[in-house]
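**Student:**
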Amino acid sequence: MADRNPLQVLKDLFLTFRPKQWIKNGVLFAPLLFSRQFFNGQRLTETVQAFVLFCLLTGAVYVLNDIKDLKEDRRHPVKKNRPLASGRLSPTAAAVVACAFLITAFSLALVLSLPLTLVMGLYLLLQLGYTFFFKHMVILDIFSIAAGFILRVLAGGVVIAVELSPWLIICTMLLALFLAMAKRRHELVFLKEEAANHRMILKEYSPYLLDQMMGVVTAATVMSYALYTISEETVKKFGTNRLIFTLPFVLYGIFRYLYLVHQKVEGGRPEEILLTDRPILVAVLGWILTVLAVLYH
Numbered sequence: 006m007a008d009r010n011p012l013q014v015l016k017d018l019f020l021t022f023r024p025k026q027w028i029k030n031g032v033l034f035a036p037l038l039f040s041r042q043f044f045n046g047q048r049l050t051e052t053v054q055a056f057v058l059f060c061l062l063t064g065a066v067y068v069l070n071d072i073k074d075l076k077e078d079r080r081h082p083v084k085k086n087r088p089l090a091s092g093r094l095s096p097t098a099a100a101v102v103a104c105a106f107l108i109t110a111f112s113l114a115l116v117l118s119l120p121l122t123l124v125m126g127l128y129l130l131l132q133l134g135y136t137f138f139f140k141h142m143v144i145l146d147i148f149s150i151a152a153g154f155i156l157r158v159l160a161g162g163v164v165i166a167v168e169l170s171p172w173l174i175i176c177t178m179l180l181a182l183f184l185a186m187a188k189r190r191h192e193l194v195f196l197k198e199e200a201a202n203h204r205m206i207l208k209e210y211s212p213y214l215l216d217q218m219m220g221v222v223t224a225a226t227v228m229s230y231a232l233y234t235i236s237e238e239t240v241k242k243f244g245t246n247r248l249i250f251t252l253p254f255v256l257y258g259i260f261r262y263l264y265l266v267h268q269k270v271e272g273g274r275p276e277e278i279l280l281t282d283r284p285i286l287v288a289v290l291g292w293i294l295t296v297l298a299v300l301y302h
């Protein structure tokens with residue numbers, strides 16, 4: 006690595022922290038959006054700060070996970086091109102920077118919010134548990150992924166001191182389960198008979214089983230969100246029953262994602278789909294704008 010261009014080394018180091026996946030931390034803004042404080046300068050700043058801290062935290066976790074899975078990643082047709090797996094970046098250098106990210110994230114979190122720091126600590130423990138234990142346990146592996154999204158939403162709530170709606174937690178969990186199942190299905194279909202050699206837990210799954218599970222979760226996600234938009238509690242809280250108009254965007258986004266999973270053999274990288282698939286991007290933006298129009302009219 007010493008003989009390489011320093012800029013290229015920095016680029017590889019940056020890519021190792023998987024910046025594209027930081028978009029998952031965007032769910033931290035959900036409590037801000039549904040608390041009607043999106044245009045509150047102080048609350049928005051606090052949420053942005055929490056988002057940045059979670060980017061540091063999740064980036065460090067991704068590095069530690071890649072170091073742990075280095076041997077398997079070197080045999081993977083796609084992951085073998087990552088800076089660590091390809092040998093372009095030293096695991097020691099990546100680990101040092103990851104530790105620096107963790108120290109920085111928790112130090113700044115202590116200044117910003119003690120509850121946020123505690124949630125970040127729970128997230129780190131969950132991810133360590135996933136890396137060493139849960140990822141090898143059937144069904145618990147995908148529930149661990151979903152729990153990570155719930156903790157992100159919880160972080161967005163505690164940093165602005167708002168109580169989270171149970172509906173928000175339920176919808177977040179179901180949507181995260183859907184994405185995790187789609188990812189597992191993609192890995193099985195893409196890797197075929199080599200799947201279990203790259204991720205041992207995949208031998209416990211089959212496309213048929215995951216399709217059944219995704220069917221249940223998809224129906225539950227749509228139903229939960231629909232019930233949330235028309236519930237008496239929601240109508241009373243926001244003073245409107247027009248939140249139901251956001252449902253078509255949710256339906257289209259889920260159906261489009263299922264289309265990509267089944268017809269285009271995608272779904273392995275939800276963050277890439279969100280950033281590159283224009284129909285889903287339009288659905289997400291349409292949902293956000295409609296929520297803003299309904300709740301902030």
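Under my numbering, the first residue of the sequence shown carries the number 6, and numbering increases by one thereafter.
Just so it is clear, CB atoms sit at the ideal spot from N, CA and C, and this is done for glycine as well.
Where does Ser149 sit, in a helix, a strand or coil, going by DSSP?
**Tutor:** Correct three-state label for Ser149: helix.
**Student:** Here's the rule I'm using: 16 or more other beta-carbon atoms within 10 Å means buried, otherwise exposed. How should Gly258 be labelled?
**Tutor:** By the neighbour-count rule (16 or more Cβ atoms within 10 Å), Gly258 is buried.
**Student:** Leaving out five residues on either side along the sequence, give the residues of the same chain with a beta carbon under 8 Å from the beta carbon of Thr223.
**Tutor:** Phe183, Ile259, Leu263, listed in sequence order.
**Student:** Roughly how far, in whole angstroms, is the beta-carbon of Ala316 from the beta-carbon of Leu131, given that I think they are within contact range, below 8 Å?
**Tutor:** Not covered by the structure: residue 316. The range shown for the chain is 6 to 302.
**Student:** Reducing DSSP to helix, strand and coil, say where Leu169 ends up.
**Tutor:** Here Leu169 sits in coil by DSSP.
**Student:** Three or more beta-carbon pairs under 8 Å between the stretch 273-283 and the stretch 23-32, yes or no?
**Tutor:** Yes, since at least three Cβ pairs between the stretch 273-283 and the stretch 23-32 fall closer than 8 Å, the two stretches touch.
**Student:** Which of the three DSSP states is assigned to Arg42 in this structure?
**Tutor:** The sequence given here has Gln at residue 42, not Arg. Gln42: coil per DSSP, three-state reduction.
**Student:** Give the DSSP-derived three-state secondary structure of Phe212 in the structure shown.
**Tutor:** The question names Phe, but residue 212 in the sequence shown is Pro. The answer is helix: DSSP assigns Pro212 an H, G or I state.
**Student:** Report yes or no: do three or more beta-carbon pairs, one from the stretch 105-118 and one from the stretch 59-76, lie closer than 8 Å?
**Tutor:** Yes, the stretch 105-118 is in contact with the stretch 59-76.
**Student:** Count the other CB atoms, across all protein chains shown, that sit within 10 Å of the CB of His317; report buried if there are 16 or more and exposed otherwise.
**Tutor:** With the chain represented from 6 up to 302, any question about residue 317 goes unanswered, as that position is not in the structure.
**Student:** Enumerate in chain order the residues of its own chain whose CB-to-CB distance from Phe195 is below 7 Å, with the five nearest sequence positions on each side excluded.
**Tutor:** For Phe195, where only same-chain residues beyond five positions count, the Cβ hits under 7 Å are Val270, Gly273.
**Student:** Ordered along the chain, which non-local residues of its own chain (more than five positions away) have a Cβ less than 7 Å from that of Val163?
**Tutor:** The residues are Ser118, Pro120, Leu121, Val124.
**Student:** Quick one: which unbroken alpha helix (DSSP H) runs of 4-plus residues sit fully inside the stretch 195-280? Chain order, please.
**Tutor:** Runs found: 200-203, 212-235, 237-243, 252-268.
**Student:** Please state whether DSSP places Asn10 in a helix, a strand or coil.
**Tutor:** Three-state result, Asn10: coil.
**Student:** Are the beta-carbon atoms belonging to Phe22 and Val68 less than 8 Å from one another?
**Tutor:** For Phe22 and Val68, yes; Cβs fall inside 8 Å.
**Student:** Once DSSP output is grouped into helix, strand and coil, what is the label at Pro88?
**Tutor:** Reduced to three states, the DSSP call for Pro88 is helix.
**Student:** So for Leu180, helix, strand or coil by DSSP?
**Tutor:** It is helical.
**Student:** What residue ranges within the stretch 48-101 form continuous alpha helix (DSSP H) runs of no fewer than 4 residues, ordered along the chain?
**Tutor:** Runs of the alpha helix (DSSP H) inside the stretch 48-101: 75-78, 88-91.
**Student:** If you measure between the beta carbons of Ser229 and Ile175, is that distance less than 8 Å?
**Tutor:** Their beta carbons are under 8 Å apart, which means Ser229 touches Ile175 by this criterion.
**Student:** Identify whether Ser112 lies in helix, strand or coil by the three-state DSSP scheme.
**Tutor:** Helix, per DSSP.
**Student:** Check Asp282 in the structure and name its three-state DSSP category.
**Tutor:** In the structure shown, Asp282 sits in coil (DSSP, three-state: anything other than H, G, I, E or B).
**Student:** Do Val296 and Leu38 have their CB atoms nearer than 8 Å?
**Tutor:** Going by C-beta atoms, Val296 is nearer than 8 Å to Leu38.
**Student:** Counting C-beta neighbours from all protein chains within 10 Å, is the total for Met205 16 or more, i.e. buried, or is it exposed?
**Tutor:** Met205 should be labelled exposed.
**Student:** For Ala160, count neighbouring C-beta atoms within 10 Å of its own C-beta (all shown protein chains included) and say buried if the count is 16 or more, exposed if not.
**Tutor:** Classification of Ala160: buried, given that the 10 Å Cβ count is 16 or more.
**Student:** Is it true that the CB of Ile249 sits closer than 8 Å to the CB of Met186?
**Tutor:** No, these two residues do not count as a Cβ contact at 8 Å.
**Student:** Is the beta carbon of Asp71 less than 8 Å from the beta carbon of Arg93?
**Tutor:** Cβ atoms of Asp71 and Arg93: not closer than 8 Å.
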